[in-house]
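To start, the structure itself, in C-alpha cells.
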Amino acid sequence: MSLRILGGSARGRSLKVPDSARPSGARVRKSLFDLLAARAPTGTFIDLHGGSGAIGLEAASRGYAVTLIEQDTRAVKALEANARALELRVRIVRGESQKLLPRLGTFDIVFSDPPYQADIPALTAQLLASQIVATGGLLVCQHPDRLALPEHPGFACEVREYGSNSLTLYQRAAAADRVEGE
Numbered sequence: 001m002s003l004r005i006l007g008g009s010a011r012g013r014s015l016k017v018p019d020s021a022r023p024s025g026a027r028v029r030k031s032l033f034d035l036l037a038a039r040a041p042t043g044t045f046i047d048l049h050g051g052s053g054a055i056g057l058e059a060a061s062r063g064y065a066v067t068l069i070e071q072d073t074r075a076v077k078a079l080e081a082n083a084r085a086l087e088l089r090v091r092i093v094r095g096e097s098q099k100l101l102p103r104l105g106t107f108d109i110v111f112s113d114p115p116y117q118a119d120i121p122a123l124t125a126q127l128l129a130s131q132i133v134a135t136g137g138l139l140v141c142q143h144p145d146r147l148a149l150p151e152h153p154g155f156a157c158e159v160r161e162y163g164s165n166s167l168t169l170y171q172r173a174a175a176a177d178r179v180e181g182e
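The opening residue of the sequence shown carries number 1 in UniProt numbering; numbering runs sequentially from there.
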C-alpha cells in the first residue's frame, strides 16, 4: 500500500506503508490539517501511535516539530526510511505510548489513533489527566464514530464526523482561562 503526503514541503510524495499499519484516510487527514491550520499552525506535535507515519510525517512536512511513538519494530523501520526518503526531521521513539507518557513532556498538538483494539475512552481519559497537552494545546483523538469519548475539566471538546471515523478535539484552556481549582 502506498499513500501520499497532502501538503507542505513533501507534498505529493509517497509513503511506504508497513503491513501492520492502518493509515488514516486522505479525507480525515486533509480535514485534520485544515483544522490545525486554523487553530495551531505551528508548534510541537506528537503522534502517539506512529504506524504508517501518515499523520506524523504529514505534520513534519507542514513545519511542525514532530515526535512519533511506535512499538512495532517493522513500523519503526518504515517510519525511519520514510522520514529519510522525504528529508523530514522527526524524532522517532520505539515503545508503548502509555508507558512512555510520564517521560514524553508536553506538546502543542497530541494525536491519538491507536491501531489496536484499545479502550479508547480510557486512553483518552488518561491523556486528558496527564500533562502531555500544553496549556492552550490540542488533543486530537481519531476513533470510530459509534464511540463517545469523555469530557474533562479544563478542556473544551468538539467532535467532527467523517463517515465511520470521528475526530474528537480537546482544546486545553489557556492559563488565564482556567478556573481556580481545575
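Glycine included, C-beta positions come from ideal geometry on N, C-alpha and C.
Would you mind giving the Cβ-Cβ distance between residue i and residue j, rounded to the nearest angstrom? I have them listed as a contact below 8 Å.
{"i": "Arg91", "j": "Val110", "result": "Actually they do not touch by this definition, with Cβ atoms about 14 Å apart."}
{"i": "Arg22", "j": "Pro115", "result": "5 Å"}
Would you say residue i and residue j are within 9 Å of each other, going by their C-beta atoms?
{"i": "Val17", "j": "Gln142", "result": "no"}
{"i": "Asp108", "j": "Phe155", "result": "no"}
{"i": "Gly53", "j": "Leu68", "result": "yes"}
{"i": "Ser166", "j": "Arg172", "result": "no"}
{"i": "Glu80", "j": "Leu6", "result": "no"}
{"i": "Leu3", "j": "Leu15", "result": "yes"}
{"i": "Gly56", "j": "Val76", "result": "no"}
{"i": "Leu123", "j": "Ile132", "result": "no"}
{"i": "Leu100", "j": "Ala60", "result": "no"}
{"i": "Arg94", "j": "Gln71", "result": "yes"}
{"i": "Leu147", "j": "Ile120", "result": "yes"}
{"i": "Ala174", "j": "Thr135", "result": "yes"}
{"i": "Ser9", "j": "Arg74", "result": "no"}
{"i": "Ser97", "j": "Ser112", "result": "yes"}
{"i": "Ala40", "j": "Gly163", "result": "no"}
{"i": "Leu149", "j": "Glu158", "result": "no"}
Within the continuous beta strand (DSSP E) that includes residue i, where are the two ends?
{"i": "Thr168", "result": "165-172"}
{"i": "Asp47", "result": "44-47"}
{"i": "Leu68", "result": "65-70"}
{"i": "Arg160", "result": "155-162"}
{"i": "Arg91", "result": "90-94"}
Can you tell me which of the three DSSP states residue i falls into?
{"i": "Val76", "result": "helix"}
{"i": "Phe136", "result": "According to the sequence shown, residue 136 is Gly rather than Phe. DSSP places Gly136 in strand when its eight states are reduced to three."}
{"i": "Ala60", "result": "helix"}
{"i": "Arg146", "result": "coil"}
{"i": "Glu182", "result": "With a pLDDT of 48 at Glu182, under the threshold of 50, the modelled position of that residue is not reliable, and no figure is offered here."}
Would you list the one or two residues that DSSP bridges to residue i?
{"i": "Ser14", "result": "Arg4"}
{"i": "Ser112", "result": "Cys141"}
What span of residues does the alpha helix (DSSP H) with residue i cover, start to end?
{"i": "Thr124", "result": "120-129"}
{"i": "Arg27", "result": "26-39"}
{"i": "Ser97", "result": "97-100"}
Just checking: is the beta-carbon of residue i within a distance shorter than 9 Å of some beta-carbon in chain D?
{"i": "Val133", "result": "Checking the listed chains, one finds no chain D in this structure; it contains a single protein chain."}
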